[in-house]
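Chemist:
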Amino acid sequence: QNPIEQEGTYPLPEAQLDRFMLQIRVGYPTEEEEFAIVRQTTAGIRHVSQPVINYEEWEKLQRVVARIPVADSVIRYALALVRATRQGTSGEGKQPNSEISKYITWGAGPRASQYLVLGAKARAALHGQFHATIADVQAIARSVLRHRLLTNFAADADGVTSDTLIDALIKATPLPGDASSVSKGLAGFFG
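To convert, note that position 169 of the sequence shown is 182 in my numbering; the numbers rise steadily by one, no gaps.
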């Protein structure tokens, strides 16, 4: 998705964005990176890419990641992050978080919870861990959630981005066994 409108290039509808597991932000290269890009692409040398993994190995890795264990408390934490993005569903019997509701028109759906857990498992595998942790969920939360939160005019006016909201949720969402409330934690983040 190209953020700069060009002929034939438009933002995807939210329903289509939700099908992508991650949204990775790629900024401009550093001066040295750009120098290397220009040098390599203007030298007239043809580079041939070589595969680093075949289809069978890819399938095997997918099965390994799917089998990585994740504690129920980690799943509950992922759910708490996602549910806190939705108006009126911050938890059973709880009021919606006014700080989040103030800035979000539409929150993340169940697919976000699935991808937080799968992403946490993949991150755990990449770091040589034998199980996914809350730290893994927190590490991938921005990439999984940023394109699933539809912010409103109030967010734009206050300079609040989806990444800002996700950081606030991570900071405010109680860890399993923590009795503090999300609302209390968010008050200091936006204040």
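For every residue, glycine included, the Cβ atom is placed at its ideal position computed from N, Cα and C. Predicted model only: the values in this text are computed from it and were never measured.
1) If you check the beta carbons only, do I117 and L158 fall under 8 angstroms apart?
2) When burial is assigned at 16 or more other CB atoms within 10 Å of the CB, is D169 buried or exposed?
3) Step through the CB atoms of chain C and report whether any lies within less than 8 angstroms of the CB of T43.
4) With a threshold of 8 angstroms, are at least 3 pairs of Cβ atoms found where one atom belongs to the region 52-66 and the other to the region 85-94?
5) For T186, does the count of other Cβ atoms within 10 angstroms reach 16, so buried, or fall short, so exposed?
6) Take Q36 as the anchor and find which of R155, P189, N165, L182 has the nearest alpha-carbon.
7) Could you check the C-alpha separation between R32 and R136 for me, to the nearest Å?
8) Only counting the same chain, and skipping five residues up and downstream in sequence, which positions put a Cβ closer than 6 angstroms to that of P42?
9) One question on the structure: do G122 and Q100 come within less than 8 angstroms of each other, judged by their Cβ atoms?
10) Could you tell me whether the Cβ atoms of A138 and I50 are closer together than 8 angstroms?
11) Could you tell me the distance, in whole angstroms, from the CA atom of L178 to the CA atom of R89?
12) Given E47, which residues of its chain have a CB within under 8 angstroms of its CB, disregarding the five upstream and five downstream residues?
13) Which residues share a DSSP beta bridge with A145?
Modeler: Looking at the atomic coordinates:
1) No, the Cβ-Cβ distance between I117 and L158 is not below 8 angstroms.
2) With fewer than 16 Cβ atoms within 10 Å of its Cβ, D169 is classed as exposed.
3) Absent from the structure: chain C. Only one protein chain is present.
4) Remark: fewer than three beta-carbon pairs, one from each stretch, lie closer than 8 angstroms, so the region 52-66 and the region 85-94 are not flagged as touching.
5) Label assigned to T186: buried.
6) Among R155, P189, N165, L182, the Cα nearest to that of Q36 is on R155.
7) Cα to Cα, the separation comes out at about 20 angstroms.
8) If the five residues before and after P42 are omitted, its C-beta is found closer than 6 angstroms to no C-beta atom of its own chain.
9) Contact check for G122 against Q100 fails: the beta carbons are separated by 8 angstroms or more.
10) The criterion of a C-beta distance shorter than 8 angstroms is not satisfied by A138 and I50.
11) The straight-line gap from Cα to Cα measures roughly 19 angstroms.
12) Once the five neighbours on either side are set aside, the close Cβ partners of E47 are Y41.
13) Answer by DSSP bridge pairing, in chain order: V83.
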